[in-house]
Structures are given as structure tokens and as C-alpha cells.
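Data first, discussion second: the structure below is written as C-alpha cells.
Number of protein chains: 2
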Amino acid sequence: MEDEVDRLVAAWRRERPDLDVEPLEVLSRVSRLARHLDRARRLAFSEHQLEPWEFDVLTALRRAGTPYQLSPGQLLTQTLVTSGTMTNRIDRLAKKGLVERLPDPSDRRGVLVRLTDEGRDRADQALAGLLEQERAILAELSRAQRAELAGLLRQLTAPFDNIPG
Amino acid sequence: MEDEVDRLVAAWRRERPDLDVEPLEVLSRVSRLARHLDRARRLAFSEHQLEPWEFDVLTALRRAGTPYQLSPGQLLTQTLVTSGTMTNRIDRLAKKGLVERLPDPSDRRGVLVRLTDEGRDRADQALAGLLEQERAILAELSRAQRAELAGLLRQLTAPFDNIPG
DNA sequence: ATGAAGTCTCTTGATATCGAGCCTCTTGAT
DNA sequence: ATCAAGAGGCTCGATATCAAGAGACTTCAT
């Protein structure tokens with residue numbers, strides 16, 4: 036089946052036959068799919084009264100395991116946002132009672148963000164919903180294809196994740 | 036090589052062994068890779084004094100071919116933004132002299148957005164720069180792997196692009 | 001000790017986005 | 001003709017993001 040990127044690439048080949056636009060076949064699909072996923076996630080989370088950004092922070096803390104706490108800096112690297120954004124997010128989550136801010140006992144500059152019980156429950160519920168929805172999207176592919184796809188994507192993400200980037 | 040999603044998935048398997056988090060292997064990589072690409076694109080475009088959003092609009096018009104004009108509505112569907120956003124983008128591009136707004140001769144509600152000569156040149160230059168950068172990112176994969184990856188991604192994007200979505 | 005450099009978080013100001021509603025014009029049924 | 005419904009683009013208010021820089025504290029070399 037044809038997709039929007041096929042049309043996009045065909046248009047470039049017509050307009051700029053001198054250029055090799057092969058890279059777009061992969062990377063434009065990644066960008067566009069990510070936007071579609073954002074919208075789908077937003078919808079899935081709205082059932083749990085959570086915004087995508089709230090989910091990102093809450094689940095980062097949830098994954099850390101007991102006692103469910105991380106520094107803002109650790110949250111930055113996991114969520115790929117800037118520090119100003121994270122400050123703002125923590126403020127709002129704290130106001131909603133889903134996290135609390137504690138002084139870091141071992142570094143007086145630092146802060147620890149801890150998930151509240153309610154925050155943990157909300158994260159767990161939203162994760163279940165998200166996985167269900169993602170499984171539906173991935174039903175297009177066989178198990179083997181999904182594994183293949185994951186492996187190829189890993190080769191592209193690894194340099195970003197490991198080099199300072 | 037391991038990436039951030041491997042660590043993320045491992046953490047979920049430890050914290051929620053009851054859940055099947057396999058979908059994340061694919062879709063979390065897509066989302067994270069897209070964010071990395073956004074940043075890389077922003078950097079690549081800054082050499083040409085263009086923002087990513089400007090590139091998106093300009094190249095949509097460029098791909099349309101002579102006379103390089105589309106309606107705001109057509110631009111919406113190609114760039115996946117809302118109409119308010121597109122109005123704002125067109126305003127700013129017009130102010131910079133990269134596009135101009137013309138009345139649609141066949142529908143008095145409508146407007147046509149046309150690329151200026153300078154807009155076309157800037158789009159062409161930025162595209163060349165982007166492709167160069169994307170080629171570097173994709174050098175991790177063989178030609179056959181890139182084709183494989185593109186095909187798998189197409190299967191996921193096609194439903195979004197073809198069904199009303 | 002002491003000072004310089006680095007780290008961590010927060011503040012600030014600018015800006016882009018979205019969602020909802022509005023107005024104009026078109027379409028199609030009667 | 002006329003009217004209701006729809007389509008197209010714009011306005012407006014709220015909000016989330018980023019970049020740059022400030023302040024507090026730590027680290028490390030001297």
C-alpha cells in the first residue's frame with residue numbers, strides 16, 4: 036500500500052531528478068509516523084486524564100523502581116526536553132499531587148522528584164492503555180517483522196543515545 | 036549496540052513483569068528517533084537561516100511544481116498542523132518574502148500560497164543540506180537494510196495516511 | 001584553605017502550537 | 001430562488017516549549 040511519503044518522494048523525483056532523495060524513504064517516514072503516534076497517544080491518555088508529557092515523566096519515575104525517585108537531571112536525559120521545561124512539568128505534576136519534590140540529602144544543589152501513590156497508579160493504568168493501542172497499530176506486522184524493525188531502528192538510535200548527543 | 040530503549044524495556048520488564056511491553060521496542064524508538072532528527076534538522080537548517088517549520092511549508096510548495104502554489108488546506112494535510120498554525124506560518128513566510136498570498140480565482144473563500152523565487156532557492160538549498168545530513172545518519176545501514184526499513188515503516192504509516200486519520 | 005571551573009536547578013522572555021469559534025462563500029436540496 | 005449544511009481560512013486565548021542566563025552549591029587543583 037502507498038503512503039504519503041511515497042507521494043512525497045515521487046514528487047521530488049519529478050521536480051529534482053538531479054537529487055538522490057533516498058534518505059527520505061526512511062527518515063521522513065520516521066518523522067511522520069512519530070506525529071501520528073503523538074496524536075494517537077494523546078487520545079489514549081485522555082481516557083486517563085493524562086497528557087503525553089505527564090505520562091513521560093510519571094513513567095520515567097515508575098521505571099526507576101522503589102522508591103520511585105529521580106533527579107530533574109535524570110528526567111531530562113530520559114525525556115529529551117530542556118531543563119526549563121522539566122522544571123515546569125514537575126511544578127504542574129506536583130500541583131496535581133502526582134509527584135513531590137524533596138531535597139537531595141547528598142547534594143544541596145539537587146532535588147529529588149518522587150512519585151506519589153496516586154502518581155504510580157495513574158502511570159500504571161495509562162501504560163496498560165498505551166500498550167493496548169500500540170499493539171493495534173503494530174498488528175500490521177508479524178512478530179518477526181516487528182523484531183526486524185526494532186533491530187534496524189536500534190542501529191539508528193544507538194549513536195544518538197550513546198555518543199554525548 | 037544498546038540504546039536507550041533497550042534500557043527502558045529492561046526497566047519495564049523488571050518493574051512490570053506481568054506486562055508485555057514488546058510494542059515499545061518499535062514505537063518508542065520511532066518517537067525518540069524523531070526527536071533526535073528534529074534537533075539534527077534544526078541544526079542543519081540553521082546554516083540556511085531556516086526553521087524546520089519554514090522548510091516544511093516551503094518544500095511542500097516546491098514539490099507541487101510550477102507555479103509552486105497550493106491552498107492553505109492542502110498545506111495542512113501535508114504538514115500535519117492545524118489551520119491556525121498554518122495561517123500563522125504563511126503570515127511569517129510572507130513577511131520574509133518567501134511566499135505570497137493570492138486570492139483563489141475559482142473560489143472566493145479560498146487563498147493560494149505561492150513560492151517566490153527566493154523561497155524556491157532557499158528551499159532547494161536547504162533540501163540539499165538536509166539530504167547530506169540524513170545520508171550521514173543512515174550510513175549505519177546498508178542499502179538493502181534501508182530499503183527493508185523503509186518498507187516496514189510504510190506498512191505502519193499507510194493506514195494513517197490513507198484512512199481518514 | 002582557597003579560588004576557578006563545573007554542575008544542578010530554576011527563572012525569564014520570546015515564540016510556536018493548538019483548539020474552538022467566527023465569518024465568508026459554496027453546494028445541493030427543495 | 002432560497003435556505004441549510006458544509007468548507008475554507010482566520011482570529012483569539014491559553015499553554016508548552018526552548019534558549020540563555022542566574023544563583024547556589026560542589027569539586028578539584030593548587
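From first to last, the protein sequence lines stand for chains A and B. Per my numbering, numbering through the first sequence is continuous, rising by one, with the last residue being 200. Per my numbering, numbering through the second sequence is continuous, rising by one, with the last residue being 200. All C-beta atoms in this analysis are idealised placements derived from N, C-alpha and C, irrespective of residue type, glycine included. Keep in mind it's a predicted model, so treat the numbers as computed, not measured.
Distance from L59/A to S66/B at the Cβ level is roughly 19 Å; contact not present, criterion being Cβ atoms closer than 8 Å. For L173/B, the enclosing alpha helix (DSSP H) begins and ends at 152-173. With a cutoff of 8 Å on beta-carbon distance, R181/A and A185/B are scored as not near each other.
Counting along the chain, the unbroken alpha helix (DSSP H) around V40/B starts and ends at 39-50. Contact check for E175/A against Q109/B fails: the beta carbons are separated by 8 Å or more. In this structure, the beta-carbon distance from A158/B to T94/B falls below 8 Å. Residues of chain A whose Cβ lies closer than 7 Å to the Cβ of A46/B are, in chain order, R98.
Assignment of L105/A by DSSP, reduced to helix, strand and coil, places it in the strand class. If only uninterrupted beta strand (DSSP E) runs of at least 3 residues are considered, those enclosed by the segment 78-151 of chain A are 134-138, 146-150. For L188/B, the enclosing alpha helix (DSSP H) begins and ends at 178-197. The beta carbon of T114/B sits closer than 6 Å to the beta carbons of D91 from its chain, once the five residues preceding and following it are set aside; these are given in chain order.
Using a Cβ-Cβ cut-off of 8 Å, E60/B is close to R181, A182, A185 of chain A, given in chain order.
Straight-line measurement puts the Cα of L78/A at about 28 Å from the Cα of E89/B. Here the C-alpha atom of L105/A lies approximately 39 Å from the C-alpha atom of M121/B. Among the residues facing chain B, E89/A is not included, as its CB has no counterpart in that chain under 8 Å away.
Minimum Cα-Cα distance from L85/B among the listed residues T112/B, Q160/B, E167/B corresponds to Q160/B. By the beta-carbon neighbour count (other beta carbons within 10 angstroms, threshold 16), G145/A is exposed. Here E169/B is buried: its Cβ has 16 or more other Cβ atoms, across all protein chains shown, within 10 Å. Neighbours of R64/A in chain B, taken as residues whose beta carbon is under 7 Å from its own, are A185, L188, R189, T192 in chain order. The residues I125, A129, V146, V148, in chain order, have a CB closer than 7 Å to that of R136/B in the same chain once the five nearest residues on each side in sequence are set aside. Under a criterion of Cβ atoms nearer than 7 Å, the residues of chain B adjacent to F195/A are, in order, H71. Comparing alpha carbon positions, the residue from L111/A, P107/A, S81/A closest to P138/A is P107/A. For the segment 157-173 of chain B, the set of residues with a beta-carbon nearer than 8 Å to any beta-carbon of chain A comprises D159, L162, A163, L166, E169, R170, I172, L173, in chain order.
Using a Cβ-Cβ cut-off of 8 Å, L85/B does not count as an interface residue toward chain A, since no Cβ of chain A sits closer than that to its own. DSSP places D55/A in the coil class of the three-state scheme, outside both helix and strand.
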